[in-house]
Each structure stands twice: as structure tokens, then as C-alpha cells.
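Each residue of the sequence shown is one higher than the last, beginning at 728 in the numbering used here.
Presented below is the structure to which this report refers.
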Amino acid sequence: MQLTMGLLLTAALASVPAAAGNQPDDDPGYDQARWDPIHFKPAIDRAKDEQCLKCHNKVLERTVRAESPAGVKADEVLAWYQTLDTYTGVQDSFHRRHLVTDYAQRVMDLKCNTCHQGNDPREETASSSADASGELTQRKHVDPNICLMCHGKHNSAIMGIPPGDWRVTGAAYQYDCLLCHNSLRTNRHQVNFLKPGAIEAAAKENKDVCFGCHGGRAWYRIVYPYVRHPWPGSSNAVPEWAKDRPTESDPRYLIGMEKSG
Ligand code: HEC
Ligand code: HEC
Ligand code: HEC
Ligand code: HEC
Ligand code: HEC
Numbered sequence: 728m729q730l731t732m733g734l735l736l737t738a739a740l741a742s743v744p745a746a747a748g749n750q751p752d753d754d755p756g757y758d759q760a761r762w763d764p765i766h767f768k769p770a771i772d773r774a775k776d777e778q779c780l781k782c783h784n785k786v787l788e789r790t791v792r793a794e795s796p797a798g799v800k801a802d803e804v805l806a807w808y809q810t811l812d813t814y815t816g817v818q819d820s821f822h823r824r825h826l827v828t829d830y831a832q833r834v835m836d837l838k839c840n841t842c843h844q845g846n847d848p849r850e851e852t853a854s855s856s857a858d859a860s861g862e863l864t865q866r867k868h869v870d871p872n873i874c875l876m877c878h879g880k881h882n883s884a885i886m887g888i889p890p891g892d893w894r895v896t897g898a899a900y901q902y903d904c905l906l907c908h909n910s911l912r913t914n915r916h917q918v919n920f921l922k923p924g925a926i927e928a929a930a931k932e933n934k935d936v937c938f939g940c941h942g943g944r945a946w947y948r949i950v951y952p953y954v955r956h957p958w959p960g961s962s963n964a965v966p967e968w969a970k971d972r973p974t975e976s977d978p979r980y981l982i983g984m985e986k987s988g
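As C-alpha cells, then:
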């Protein structure tokens, strides 16, 4: 009985034309799309944004409400992390603020796979079964260390700057990071998700540029232990705190980069 019903239903559905205009012609279907190898290593590392956006274009199209259900107007509020001098334009979504707004495009070159490293759609938690891949982060989640690189605490302790908020302590340095960093740790930002030349140019115009990614929007109370590249004029003596630091950026962030000296 059930079988017959099932067959009848299938037959009936088959005769209904697919809803026009809803899906692209080459729609692979939900499950196949969800399990598309592009979501997983190794394919995800080489994926181009255009490939992801074929299915996920909403991620960049969606923006925020003009007014919240409680009546707060988006253009009348500014959050603490939007008070840096580099913040411009209307309130926008997380993805758009990192990928398409003017400032994002000027100093960064983030790709989908800079943050998205794959996940296991069957598991909320990685490593929950013997055959699960231990490399995967939580379902849909992004490794927070990626965020920490640009949203960590300003590490004044290793810089010889008195402890405290740079917005206060910075007065002694005219709030200018370049006072020291014109000659210190100058071999920086040579990775595929940043625009190193544009960052330096922007920093000369606007003192909040460096701070913006190194303490000015700190979601975390901890510091990020940056890679420590040798720089022109650096000595061979490695400070104690840097003993375990790598001297080359993560190879994942060098994919597609010209090898520069
Ligand atoms: C062929 C279409 C297709 C392509 C190409 C594609 N995705 Fe997806 N993706 C899906 C579908 C379908 C889902 C499941 C959505 C759901 O369950 O809500 C999904 C889920 C996701 C999720 C949420 C994971 C979860 O389990 O909730 C993320 C993040 C994601 N994709 C990122 C990407 C990125 C990054 C790329 C490019 C490297 C990409 N996708 C390429 C179709 C695609
Ligand atoms: C700056 C890091 C970052 C970048 C770059 C990024 N994402 Fe995301 N994405 C996230 C985070 C964080 C979430 C939320 C994860 C969670 O819910 O656990 C997310 C969620 C998603 C989701 C599921 C939820 C939703 O909003 O629909 C999809 C699909 C997705 N991203 C696709 C993309 C695609 C496609 C790109 C490239 C155009 C991209 N992302 C670029 C960090 C990023
Ligand atoms: C390469 C550096 C970089 C990375 C990596 C990064 N961010 Fe950001 N983030 C920024 C910059 C720069 C801005 C400010 C954009 C602007 O002013 O338009 C920002 C803004 C934000 C905002 C505020 C958006 C708004 O409406 O003002 C949030 C929230 C945020 N980031 C969270 C995250 C999270 C979570 C991650 C990790 C998934 C992440 N960021 C990864 C650089 C980064
Ligand atoms: C008084 C000089 C001075 C000022 C001002 C200064 N720094 Fe530094 N900074 C240093 C020194 C010293 C180091 C460590 C050098 C080394 O690796 O031996 C450093 C290291 C760093 C590092 C690398 C941290 C790590 O974990 O390896 C970053 C990022 C950084 N500074 C950003 C900034 C930013 C952004 C500003 C302005 C908000 C700033 N600095 C202001 C002296 C300074
Ligand atoms: C858009 C975000 C962003 C801006 C703006 C930015 N940085 Fe960075 N910075 C990063 C990231 C991400 C890294 C880590 C890159 C890597 O892993 O090689 C980094 C690394 C560094 C390092 C470590 C260098 C090394 O040895 O590899 C120093 C020092 C530094 N930044 C200082 C600065 C200064 C000074 C400015 C302003 C001129 C600045 N940053 C502006 C995101 C930013």
C-alpha cells in the first residue's frame, strides 16, 4: 500500500514542471550541493570566491535592516567598534564589511576560504566519531584564530609601551604606530588576504589604520602571537617571548602569492 502510494506520488510529482525561475538550470540539488567536494579539503583551499558565490550569492547581497523591530534606526547608532576614524558608510553585514565595503577592499583581500576551511555537515562537533576528520572546526564555524589576527588585543607589553589602552597611552607617541614601525618589523603583511602596500599608504593618512587590526576592534582579551619575520636591520638576537615564533607566514596564506624577498 505504502509502496503504491509512494510510486503514485513520485509519478504525480514527475509530471509537475519544476518551479520556473527558482533554481539555476544546472542546480545539483540540495544534498549534492551540501556535500560538494568544494566544501572540504583539499578542494576548498583552491576554491575561487566566484565558485562559492554561485550558490551563496545571498551572503554578499543581504544587508542589515534599516530599522530594528524595536524601532532603533540603523543610521542613528554607532557601536564601540565603529568609532575608529577608518569606519565609513552605512551599517552593513558582517560578510559585506569584510569583503565589499570601501575600506575592506582598500586594505584587505579576504577570500571565502581565508575564513572557511570546511566543516562536516553531518556533525556539529569534529572528532566525535572514529572516522570524523579532526581537522574540521565546528559545523559552520570558523577557526577563531583567524579572527584573532585582526581582532586581538594590542600587545603593548612586548613593545615597551606602558600598559593600558592605546587610546590613552598612545598620546606619548602622537598615536602614531609608525613612529616605531617605520623601522621595526617592517617585513609585514605579505599574505594573500591583505594588501600590504595599500595598508602602509592608508596608515600614513590615518593613524587608526594600524590600530584597527591590532587592538582597535579587539573582540578578544588575548593577544595574537604573530609570525616574526626578520626585517632589514633586525638583529639575530631573538627576544625570549619570540623563541617559539615561526619566521614565515602560514603556507595557506601564501597560496597565490609571488615569492617576495
Ligand atoms: C553547489 C552549490 C554550493 C557551492 C559551490 C558551495 N556551497 Fe556552501 N553550501 C551549499 C549548501 C546547499 C549548503 C547547506 C545549506 C544549509 O544546510 O542551510 C551549504 C553550506 C555552507 C555553509 C554552512 C555550513 C553548515 O553546515 O551550515 C558554509 C559556511 C558554506 N556552505 C560555505 C561555502 C564556501 C566557502 C564555498 C566555496 C569554497 C561553498 N560553500 C560552495 C551549497 C554550495
Ligand atoms: C572574515 C571571515 C569570513 C569570510 C572572509 C567569509 N566568511 Fe562566511 N562566515 C564567517 C563566519 C564567522 C560565519 C558564521 C559562522 C557560524 O555561524 O558559526 C559565516 C557564515 C557563512 C555562511 C552560513 C551562514 C550564512 O550567513 O548564510 C555561509 C553560506 C558563508 N559564510 C559563506 C561565505 C562565502 C561564500 C564567502 C566568500 C564570498 C564567505 N563566507 C566569506 C566568516 C567569513
Ligand atoms: C584580515 C583582518 C580581519 C580578519 C581576519 C577578520 N576581521 Fe573583522 N574586521 C576587520 C576590519 C578591518 C574591520 C572594519 C571594517 C570597516 O571599518 O569597514 C572588521 C570589522 C568587524 C566587525 C564589525 C563590523 C561592523 O559592522 O562594523 C565584526 C563584528 C568583525 N570584524 C568580526 C570578525 C570575526 C568574527 C572574524 C573571524 C571570523 C573577523 N572579524 C576576521 C578585519 C578583519
Ligand atoms: C615605542 C615603539 C612602538 C610603538 C609606538 C608601537 N610599537 Fe608595535 N612593536 C614595538 C616593538 C619593540 C615590537 C617588538 C619587536 C620585536 O619583534 O622584537 C613591536 C611589535 C609589534 C607587533 C608584533 C607583535 C607580535 O606578537 O609579534 C605588532 C602587530 C605591532 N607592534 C603593532 C603596533 C601597532 C598597531 C602600534 C600602534 C597602535 C604599535 N605597534 C606601536 C614597538 C612599538
Ligand atoms: C587589515 C588588517 C591589518 C592592518 C590595517 C594592519 N595589520 Fe599588521 N597584521 C595583520 C595581520 C593579519 C598580520 C599577520 C600576517 C601574517 O601572518 O603574516 C599582521 C602582522 C603584523 C606584524 C607582524 C610582522 C611580522 O613579523 O610578520 C606587525 C609588526 C604589524 N602587523 C604591524 C602593523 C602596522 C605597523 C600597521 C599599520 C602600518 C598594521 N600592522 C596594519 C593585519 C593588519
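The beta carbon of each residue, even a glycine, is placed where N, CA and C say it ideally should be.
Keep in mind that this is a model prediction, so the values were computed, not measured.
Item: Proximity of Thr-790 and Asp-819 at Cβ, strictly below 9 Å; Value: yes
Item: 8 Å CB neighbourhood of Ala-945 in its chain, flanking five on each side removed; Value: His-878, Gly-879, Lys-880, His-881
Item: Tyr-830 versus Leu-811 - alpha carbon distance; Value: 12 Å
Item: Pairwise C-alpha distance: Cys-940 and Gly-887; Value: 19 Å
Item: Contact test: Asn-846 Cβ vs ligand 1 heavy atom, cutoff 8 Å; Value: yes
Item: Distance cut-off 8 Å: Thr-974 Cβ against heavy atoms of ligand 2; Value: no
Item: Same chain only: Cβ atoms within 8 Å of Leu-837, ignoring 5 sequence neighbours per side; Value: His-825, Leu-826, Ala-831, Phe-920
Item: First and last residue of the uninterrupted alpha helix (DSSP H) at Phe-938; Value: 935-940
Item: Cβ neighbour criterion (16 or more within 10 Å) applied to Gly-748; Value: At Gly-748 the pLDDT is 43, less than 50, meaning the model places this residue with poor confidence and gives no usable figure here.
Item: Whether Gln-844 touches Lys-768 by CB criterion (9 Å); Value: yes
Item: Ligand 3 heavy atom lying under 8 Å from the CB of Phe-920; Value: yes
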